[in-house]
Amino acid sequence: MSDMNFDVFLSFRGLDTRTGFADFLYNSLVAASVRVFRDNEELTVGKPINSELYRAIRSCKTAIPIISRQYAESKWCLGELAKIIDCHRKHGMSVFPIFYKVDVLDVCNRRGKFGEAFRQLETKCGPEEVQKWKDALKSVTNIKGWISQTIANGHEGELVKVVVAKVSSELRTTWIEWLSKFPMVMANFHVRAAYDHFTDKRRSEVFLAFRCCDTGNGLAAYLYVSLLNAGIKVFSFDDPSLIGREFAQEIHYAINHCKISIPILSKNFASSTWCLDELAQMVECKQKKGQRIMPIFYKVNPRDVRHVSGCFKEKMLRHRERSNYNRWEKAFKEVGSFKGWESKSIANGHEGKLVKQIVKDVVDLLKNPNHMIAPLATTRFLNR
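My numbering numbers the first residue of the sequence shown as 1 and each following residue consecutively.
Right, dumping it as structure tokens:
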């Protein structure tokens with residue numbers, strides 16, 4: 001490991017994956033001409049492990065932490081993860097986490113068997129070190145990765161293929177993003193065209209905000225597919241190209257660059273700070289850029305949204321101690337006065353017809369740019 005010249009740093013718990021999944025992934029990456037560092041082979045004998053390991057992580061363009069059930073038992077693994085997150089924040093290292101046979105929420109909240117393992121280790125270590133590990137675990141769950149059980153019904157060979165393809169693609173496109181730091185280079189027409197093509201693939205025309213427990217498997221899913229079938233680009237975190245990107249940053253980017261935002265305001269929408277933050281960002285983009293917000297009032301009264309009353313009052317008040325409470329409440333009230341669709345009043349509540357109407361209206365708006373920049377009309381519900 002004399003030149004520290006690697007593309008990928010592989011972090012894993014040996015007891016869980018060394019001779020199985022991690023080994024399969026390592027050899028598949030090497031076969032694809034990717035230079036991979038893994039600590040069981042690459043550490044130079046006789047040198048301090050921590051400094052050597054940190055140099056190895058720092059030298060890589062990409063890190064793949066394989067978060068498995070026993071990962072939290074290892075001080076070594078958690079130390080690697082903390083350094084990976086540090087390099088991600090300070091140096092822009094790409095991080096592609098694999099959640100291997102674990103629940104992402106168990107990792108984030110240190111619960112279940114994963115949490116038990118962490119707490120056992122926690123009693124043996126100092127508070128400052130433990131806090132770094134907690135921060136790293138929370139941070140890595142905020143980065144889109146792969147959940148092993150959801151890829152090809154848990155078939156690990158297929159997961160490895162997906163990971164190798166993504167890493168190979170990432171290593172090819174990194175140079176394009178790097179070019180954006182040099183204005184003189186970007187002045188070249190062909191370079192600019194390549195960069196614009198690359199960044200344009202990330203931009204969506206429509207952003208959907210919804211509460212999964214209310215509409216994630218129903219209206220939101222049907223609307224998403226119907227918009228795609230109509231040829232409309234809709235932001236989705238299921239998009240494989242978003243692997244390795246942070247949820248909050250990508251949502252902020254998507255809202256800022258979309259043409260239409262569609263919040264599906266359902267009875268539990270206000271219970272989610274995540275949904276409320278998306279809504280506030282939409283309102284701010286409307287104010288700054290004139291973007292269109294077209295709410296769906298799903299089985300709720302628009303007046304209750306506008307006045308934060310009814311089923312929304314109690315849910316909103318739960319957040320009153322949060323620093324963003326006033327921002328969220330203001331956005332909620334404002335969106336309640338926008339023209340949109342009331343599910344109960346369209347085709348007697350038939351959701352299939354509601355979706356058809358929404359898709360038609362969205363297509364019409366996208367075809368007529370003049371409507372996109374026109375001031376929003378107040379909703380017909382305003383005087384109720």
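For glycine and all other residues, C-beta sits at the position ideal for the given N, C-alpha and C.
The DSSP-derived three-state label of Glu246 is strand.
In the three-state reduction of the DSSP assignment, Glu205 falls in the coil class.
As a beta-bridge residue in DSSP terms, Leu10 pairs with Ile64.
In the three-state DSSP reduction, Ile264 falls in the strand class (E or B).
The alpha carbon of Arg38 has as its nearest neighbour, out of Ala31, Asp23, Ser51 and Val164, the alpha carbon of Asp23. Straight-line spacing of the CA atoms in Cys125 and Asp106 works out to 21 Å.
Cβ neighbours of Lys286 within its own chain (closer than 6 Å, five residues either side excluded): Ile293.
Check the Cα spacing between Val300 and each of Val162, Ala270, Lys353 and Phe96: the tightest is with Ala270.
Distances from the CA of Pro240 to each of Glu278, Phe297 and Val164 were compared; the closest alpha carbon is that of Val164. In the same chain as Cys108, and ignoring 5 residues on each side of it, the C-beta atoms closer than 7 Å to its own belong to Leu137, Lys138 and Thr141, in chain order. Following the DSSP letters along the chain, one finds Tyr222 inside the alpha helix (DSSP H) bounded by residues Leu219 to Asn229. Rounded to whole angstroms, the gap between the alpha carbons of Asp238 and Ala248 is 15 Å. With a beta-carbon spacing of about 5 Å, Ile147 and Phe99 fall inside the 8 Å limit used to define contacts. Looking at the backbone, the Cα of Val234 and that of Gly218 are separated by about 17 Å.
Annotation for Ala220: Leu208, Phe210 and Ile264 place their beta carbon closer than 7 Å to its own, counting only its chain and skipping 5 residues before and after.
Inclusion of Ser28 and Ile66 in the CB contact set at 8 Å is not warranted, their separation being larger than that value. In the three-state scheme derived from DSSP, where H, G and I count as helix and E and B as strand, Ile143 is classed as strand. Listed in chain order, the beta strand (DSSP E) elements of length 3 or more contained wholly in the segment 282-316 amount to none. Here Ser323 carries a coil assignment [DSSP, helix/strand/coil]. In this structure, the CA atom of Arg111 is about 19 Å from the CA atom of Pro127. Put simply, the segment 301-311 does not touch the segment 346-358. Fewer than three CB pairs are less than 8 Å apart.
With a 10 Å radius around the Cβ and a threshold of 16 neighbouring Cβ atoms, Trp274 comes out exposed. With contacts defined as CB atoms closer than 8 Å, Arg18 and Ser68 fail to qualify as a contacting pair. Here DSSP, grouped into helix, strand and coil, assigns Ser241 to helix.
If you draw a straight line from the Cα of Glu278 to the Cα of Val359, it comes to about 21 Å.
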